[in-house]
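Let me begin by presenting the structure, written as C-alpha cells, before commenting on it.
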Amino acid sequence: VAGEMLPIKTGDVLFIPAGADYPHQIINTSQAPLKYLSISTRETPEVCEYPDSGKYQAMVSVQGTRVFTANQRTTENLDYWDGEP
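In full-length UniProt numbering, the protein residues as written are 1 to 85.
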C-alpha cells in the first residue's frame, strides 16, 4: 500500500482508501492458495486508477450489466471537440 509491502494474515480485514495516494495490489508470496473477499460499492460509473502503469479504466453498468468500458493511458486525452464539425 502506497509503496510499502505489508503482510496479510488469516483473519485480517483491510481497508484502503480510493485515490492515487494509496496504490495497492495483493501479491501472494506463499506457496498456498490465497482466498480473499473483495467488497465494493459497485456504484456506476466506476473509475479505477493504475498509477504505476499510468492508466485508468472507466466502467458504466446499467442494472448490473456493463454497457461501457474504456481503458486509457493518463497521458492520452482527446479534446472534447476532436472530430466535431
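Every residue, glycine too, gets a C-beta built ideally from N, C-alpha and C.
These numbers come from a predicted model, not from an experiment.
Asked: Beta-carbon contacts of serine 61 that lie in its chain and below 7 Å, excluding the five residues immediately before and after; Found: Thr44 and Val67
Asked: Beta strand (DSSP E) segment containing glutamine 72, residue limits; Found: 65-73
Asked: Threonine 41 versus Ala18, Ile27, Val13 and Gln72, residue with shortest Cα-Cα distance; Found: Ala18
Asked: Beta-carbon gap between glutamate 49 and alanine 20 smaller than 8 Å; Found: yes
Asked: Uninterrupted beta strand (DSSP E) stretches inside the stretch 26-70 (no shorter than 3 residues); Found: 46-50 and 55-62
Asked: Inter-residue spacing [alpha-carbon to alpha-carbon] between leucine 34 and asparagine 77; Found: 37 Å
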